[in-house]
Amino acid sequence: MSHPCHPGKFNLKTLAVSGAAVALALSLSACQGGTSPKGSAGAGKSAAADEITLADAFELGGYNPTNGYAELGVSPMYEGLLGLESKDPHKLPELRPVLATAMPTSNADKTEWTVEVRDGVKFSDGSDFDAQDVVANYKEVMNPDTASEIGASYEMVDQINADGNKVTFKLKYPYPDFPSRLLLGLAPGEYMKGGLASESPLNTKPVGTGPYVLKTLNSQKAVWVANPHYWGKAPQVKQLTTVYVPDDAARVARIRTKEFDGSIIPPALANSLKNLPGYQVVHADSADWRGISFPGSNAFCADLQARIAMNEAVNRQEIIKKVLFGAGKPASTPVSAVYEAYDPEAQYKFDLEDAKKRLDAAGWKPGADGIREKDGQRAAFTLAYSSNDTVRRDLSVAFAAAMKPLGVDVKLEGTTWDALDGRLDKVGILLGGGDKPYSIDTQVYSILHTREANTSQYDNPGNYGSPEMDKILEQARKSGDESERVKLYQQAQKQYLEAPNHVFLAFLQHTYVTRDAGWKTGNLTVEPHSHGVNWGPWWNLGQWEK
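With mature numbering (1 follows the signal peptide of the UniProt record, and there is no 0) as the guide, the letters of the sequence shown map in order to residues -32 to -1, 1 to 514.
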């Protein structure tokens, strides 16, 4: 996983929503399916019908694609060689050519991929787009001097070359999922100078090939207008204004006054808007999981039987009902039902009594205070979570409560991501993942594999795993036989149940509130961990029609 899944210095924060505490007594409105809502017009009563204004929970800026912004090709102003096409909001989107003329082709062993780039495309500054820009962008991401947040995601690339309008990627090993790496948003090659990605001028003055261009930006508001150089069909929504409103309750209050056309809202608060005239509450499926990592230096968590018991002692359905208000689906592994390789049988069943017996057999016996002990070690550990994230907080509270009848003491610590640096082997962490779900390899490899040299510190921080799991994952990511890959990933799920390294709890459904205004918006799409007003009903804003 890249940093947007967890903490990081990424300017445009893609962490889970922060804000005011939410009363758990609220109930969630019914989930929406099929197509996304009919869009939104302008803010308030005075905005034009071809403008919309959205409230975002995340800081503005950080628009450099080589540092992770628009890594999946979803953005008002950037496009990738490929893009997403959602034919069913409950299934993974398909990949389609955007700045490429056709889908990429590969050699027989999937170690070389070639893509032809589109002619006649200009960047928003009027300069021409060509194959050399593609090469420059990918080399910038891979250049260690840029300290790109997403550099490790392209570690399989050995060489990139352009020949006329064709770009060839030569890989270090077979990688059948490589087309998913061609979603990366692209900027002019002249911006690729090898400096720190976090300091690139693209962070505040983005230049891309997409349907919109940034007109104005300050810490509170960004205004996007139609790109006069856009190579495709001109967008019917002519202006998008994004306002930074970090407090959840404040966004809800301002939507009630119809100041905004939409926003991302935590499920409990969104429920309070379900009857607001002219608005809809919608839920986008995602591969965005929430789960608990284990401290690597803890005697109890190091016991395999203890990790299995903790998985058995969690009632995931109840947590989704009471904490997520129905806006989620149970997770026992990081493989969600959107994948062909999903195994519905590879799930932990809630069985508190079996969990107790398992700990008894492993020698963890209840002490005088009810907390289990073995060889002088207590069944106890600290679980840390981002203190400004109400969903992670509430999930942490629910997990700790579920551990009490098992005889496990989980102490909670609300903190910051920066404060966790250097402590990952000492505490459990309420993590999120699924940053690049359009490849099953990136959904599972780094979180289930034992740690490697280029692994993010938040991927399997306790470094639990097995040679068996590592072998399965390595075989699956390189196999060019799709049926074999499915079998291997199903095998990985069964292997995980025997030796878990996390307690996965749920796949979130991202919750949005949007104004009805007669737009034909098409389907929602299965979303990654990253969310906000670039996603939800607005992920394909440039394609909206009336």
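Here a beta-carbon is modelled for each residue, glycine too, at the ideal position from N, C-alpha and C.
Endpoints, alpha helix (DSSP H) assigned at Val395: From DSSP, Val395 is part of no alpha helix (DSSP H); its letter is neither H nor E.
First through last residue of the beta strand (DSSP E) which encompasses Arg232: Sequence check: residue 232 is Ile here, not Arg. Here the beta strand (DSSP E) through Ile232 covers 230 to 232.
Touching by the beta-carbon criterion (3+ pairs, under 8 Å), the segment 248 to 261 and the segment 323 to 338: Counting C-beta pairs with one atom in each stretch, the segment 248 to 261 and the segment 323 to 338 have fewer than three that are closer than 8 Å, which means they do not touch.
Segments assigned beta strand (DSSP E), at least 3 residues, entirely inside the segment 93 to 175: 125 to 131, 134 to 139
Secondary structure of Trp199, DSSP reduced to three states: The DSSP-derived three-state label of Trp199 is coil.
Sub-8 Å separation of residue 516 and Tyr316 beta-carbons: Residue numbering for the chain in the displayed model covers -32 to 514; residue 516 lies beyond these limits and cannot be assessed.
Rounded Cβ spacing between Val103 and Ile128 (contact assumed at less than 8 Å): With a Cβ gap of about 5 Å, Val103 and Ile128 count as contacting.
Beta-carbon proximity check, Ala467 vs Ser434, cutoff 8 Å: Here Ala467 is near Ser434, since their CB atoms are less than 8 Å apart.
Whether Arg301 touches Phe472 by CB criterion (8 Å): A small correction: the amino acid at residue 301 is Thr; Arg does not occupy that position in the sequence shown. Their beta carbons are under 8 Å apart, which means Thr301 touches Phe472 by this criterion.
Own chain residues within Cβ distance below 6 Å of Tyr144, not counting five before or after: Tyr is not the amino acid found at residue 144; the sequence shown has Pro there. Here the set comprises Lys78, Gly448.
From Arg346, Phe318, Val109, Gly163, residue whose alpha carbon lies closest to that of Cys269: Arg346
Ala270 (DSSP reduced to helix, strand or coil): helix
Residues near Pro72 by beta carbon distance below 7 Å, same chain, minus five either side: Trp81, Thr82, Val83, Pro147, Leu150
Beta-carbon proximity of Ser187 to Asn32, cut-off 8 Å: no
Rounded separation between Lys140 and Thr384 - CA only: 37 Å
Contact test: Glu62 Cβ vs the ligand PLP heavy atom, cutoff 7 Å: The model depicted lacks the ligand PLP and carries no ligand whatsoever.
DSSP-derived helix/strand/coil call for Ala(-3): Summary for Ala(-3): the model assigns pLDDT 32, below 50, so the residue's position carries little reliability; its value from the coordinates is reported in the next sentence. Ala(-3): coil per DSSP, three-state reduction.
Alpha helix (DSSP H) runs contained entirely in the segment 345 to 415, provided each spans 4 or more residues: 358 to 371, 385 to 388
Which of helix, strand or coil DSSP assigns to Trp512: coil
Proximity of Gly375 and Arg340 at Cβ, strictly below 8 Å: yes
Cβ shell of Leu320 (< 8 Å), same chain only, five flanking positions each side left out: Glu280, Ala281, Pro373, Leu374
Collapsed DSSP secondary structure at Asn239 in the structure displayed: helix
Supposed contact pair Lys55 and Val306 - C-beta distance, whole angstroms, cut 8 Å: Actually they do not touch by this definition, with Cβ atoms about 13 Å apart.
Limits of the alpha helix (DSSP H) - the one that Ser424 falls within: Run containing Ser424: none; DSSP gives neither H nor E here.
Bridge partners - Arg64, DSSP secondary structure assignment: Gly51
Top-ranked residue by Cα proximity to Ala295, from Phe262, Lys342, Asn239, Met160: Asn239
Rounded Cβ spacing between residue 540 and Gly430 (contact assumed at less than 8 Å): Any question about residue 540 goes unanswered here, given that the chain covers just -32 to 514.
C-alpha distance - Ser(-6) paired with Leu363, whole-angstrom precision: Because Ser(-6) carries a pLDDT of 32, less than 50, the predicted location of this residue cannot be relied on, and the following value inherits that uncertainty. Their Cα atoms are separated by approximately 16 Å.
Whole-Å CB distance - Gln501 paired with Asp98, under 8 Å assumed: Looking at the sequence provided, one finds Val at residue 501 rather than Gln. Wrong, their Cβ atoms sit about 31 Å apart, outside the cutoff.
Cβ-based neighbour list, Ala277, same chain, cut-off 7 Å, excluding 5 preceding and 5 following: Ala323, Arg326, Leu327, Leu374
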